[in-house]
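A short worksheet on the structure shown next.
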Amino acid sequence: MLVLGLETSCDETGVALFDTRRGLVAHALHSQVRLHAAYGGVVPEIASRDHVRCLLPLVQKVLSEAKTERVDAIAYTAGPGLVGALMIAGGLASGLGLAWQCPVIPVHHMEGHLLAPMLEEEAPEFPFLALLVSGGHTMLVLAKALGDYQLLGTTLDDAVGEAFDKCAKLLGLGYPGGAALARLAEGGDASTYAFPRPMVNRPGLDFSFSGLKTAVMLQVKQISDGGALESAIADIAASFQRAAVDTLVSRTLKAAAQVGAKRIVVAGGVGANLLLRQQLAASFDGRVYYPRLEYCTDNGAMIAVAGALRLGDAVDATEIRAAARWSLESLRPPVAA
Ligand code: KG4
Ligand code: ZN
192 MLVLGLETSC DETGVALFDT RRGLVAHALH SQVRLHAAYG GVVPEIASRD HVRCLLPLVQ
252 KVLSEAKTER VDAIAYTAGP GLVGALMIAG GLASGLGLAW QCPVIPVHHM EGHLLAPMLE
312 EEAPEFPFLA LLVSGGHTML VLAKALGDYQ LLGTTLDDAV GEAFDKCAKL LGLGYPGGAA
372 LARLAEGGDA STYAFPRPMV NRPGLDFSFS GLKTAVMLQV KQISDGGALE SAIADIAASF
432 QRAAVDTLVS RTLKAAAQVG AKRIVVAGGV GANLLLRQQL AASFDGRVYY PRLEYCTDNG
492 AMIAVAGALR LGDAVDATEI RAAARWSLES LRPPVAA
C-alpha cells in the first residue's frame, strides 16, 4: 500500500511516499529558512504562501520519482502548528483524496516525530521513553503503545530548540541557528562559562530554558561591552550547548529510571545534536534510537509512516483538519483498517 505524506505545519514543505511493504520510496523537502531569516523567526503568512507555491510541485516530483500516478492513502499533518500553513497540506489532501477516492488521514505532528525512527531498519519496539525536542516542544513521553502516550514532563517556558535559536541569534548566527550554534561549539571550550542547568535538582520531570537563555544574554552583553565578543563566541556556544544538553540528559535519565525504560527514542530537530546523542549513548544503560539526521527535523516521511500505521483513522475527505493546539495525550490507538 502506497501512502503519501504531506507536512506543512511550519517552515518546511515535506512530501514523501511510504510503501507499507518496501518502506520509504521517495521523499522531497523544501526549506523556507531563507525566506524567514530576515525577520528572525517564522512569519506565518509567508510560510502559508510558500507552502502553496511548493507543495504540489513536490508531490509531482515524488510521484514521478516513484513512477506512479496515484497512491492508496494520503496522510497530512493536521496539527499542532500554524493554522494557515496546516490548511495547505489539509486542502491538498482533501482535494486529492476526493479525486483519487482514497483514504485521507490527519496526523499529529509530534506523533510523526515520535514514529520517525520507524523509518530505520532497526525500529524501536513499544514501550519506549521518547524525548521530543524541537523548536516548539520539549517533551518526555512514555509511549506505551501506538497511540497510547503519557506526558511525563514538558517545558514550563521556552522549548529547547527555541533556546538554541535565541542564543544563536545573540551570537549573530542567524535564524534558526541551532545547527550553526552546534557547529560553532565544536571549536569552543565548554568549561569556560558556568551557565545554569535549569531544573536539574528540582522534583518532577519538567524543563525550563528561559533562565539559561537569560544567563547567556547577560554574559554576551558583558563581553560585548568589553568589546571582546568575537573571540568569545565559540566558548559561549560550547558552554551553552553543554548546559542545555546536560539538562536534557539528566531529566531523560531520571524519567527512564522512574518508568524502568529499556529503550529511549530521541526525535525532533534538536535530536540532530551530536553532543546530545553522544551524552545519552554514554550514560543510558539501554538502547537509544534516533531517526537519521534528515528525519529529525520536519519532513514528509515521518507523516507518511505515521499515516501508514493509522490507515483505519481516515476521515471524510471533505473535512480539512487544522489545529494550532492538539495534545499528544489525547491520541488513541489506531482503529483497525
Ligand atoms: O523539529 P523541527 O524541524 O521543527 C519544529 O517542529 O520545531 O526543529 C527545529 C529546531 C530548531 O529550533 C533548530 O534550531 C533545532 O531544531 N536544531 C538543532 C540542531 N539542528 C536543528 N538544535 C541543536 N543542534 C542541532 N544540531
Ligand atoms: Zn517538528
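Just so you know, we're using the numbering used here here: the sequence shown kicks off at 192 and counts up by one.
In this text, a Cβ means the ideal position worked out from N, Cα and C, and glycines have one as well.
Item                                                                                                                : Value
The segment 415-431 touching the segment 304-322, judged by at least three CB pairs closer than 8 Å                 : no
Residue 440 and residue 427 closer than 8 Å at C-beta                                                               : no
Local conformation of residue 208 per DSSP, three classes                                                           : strand
CB-CB length for residue 454 against residue 480, believed under 8 Å                                                : 6 Å
Collapsed DSSP secondary structure at residue 398 in the structure displayed                                        : strand
With 16 other Cβ atoms within 10 Å as the buried cut-off, status of residue 341                                     : exposed
Endpoints, the alpha helix (DSSP H) within which residue 348 is located                                             : Where residue 348 is concerned, there is no enclosing alpha helix (DSSP H), given that its DSSP letter is neither H nor E.
Shell residues, 5 Å Cβ cut-off relative to heavy atoms of the ligand KG4                                            : 325, 326, 327, 352, 355, 356, 367, 369, 370, 373, 459, 460, 461, 463, 464, 488 and 489
Residues near residue 472 by beta carbon distance below 8 Å, same chain, minus five either side                     : 479
Contact test: residue 300 Cβ vs the ligand ZN heavy atom, cutoff 7 Å                                                : yes
Contact test: residue 304 Cβ vs the ligand ZN heavy atom, cutoff 7 Å                                                : yes
Per-residue burial, residue 225 [other beta carbons within 10 Å of its own, 16 or more giving buried]               : exposed
Selected residue, minimal CA-CA separation from residue 295, among 269, 307, 276 and 314                            : 269
Backbone secondary structure at residue 222 - three-state DSSP                                                      : strand
Residue from 210, 273 and 293 whose Cα sits closest to the Cα of residue 201                                        : 273
Option in 400, 317 and 331 with minimal Cα separation from residue 353                                              : 400
Per-residue burial, residue 469 [other beta carbons within 10 Å of its own, 16 or more giving buried]               : exposed
Residue 208 classed as buried or exposed, judged by whether at least 16 other C-beta atoms fall within 10 angstroms : buried
Residue closest to residue 238, alpha-carbon to alpha-carbon, out of 460, 265 and 275                               : 275
Uninterrupted alpha helix (DSSP H) stretches inside the segment 351-387 (no shorter than 4 residues)                : 351-361 and 369-376
Residue burial classification, residue 499 (beta-carbon count within 10 angstroms, cutoff 16)                       : buried
Nearest neighbour of residue 394, chosen from 213, 197, 474 and 446 [CA to CA]                                      : 446
Buried versus exposed call for residue 432 [16 or more other C-beta atoms within 10 Å across all chains shown]      : buried
Inter-stretch contact at 8 Å, needing at least 3 Cβ pairs: the segment 282-289 / the segment 305-318                : no
Residue 358 beta carbon less than 8 Å from that of residue 407                                                      : yes
Buried versus exposed, by CB contacts within 10 Å (16 or more), residue 482                                         : buried
Cβ neighbour criterion (16 or more within 10 Å) applied to residue 388                                              : buried
Best match in 362, 230 and 217 for proximity to residue 415 [C-alpha to C-alpha]                                    : 362
Unbroken stretches of the beta strand (DSSP E), 3 residues or longer, contained in the segment 449-482              : 454-458 and 478-480
Burial state of residue 526 (16 or more Cβ within 10 Å)                                                             : exposed
8 Å Cβ cutoff met for residue 488 and residue 256                                                                   : no
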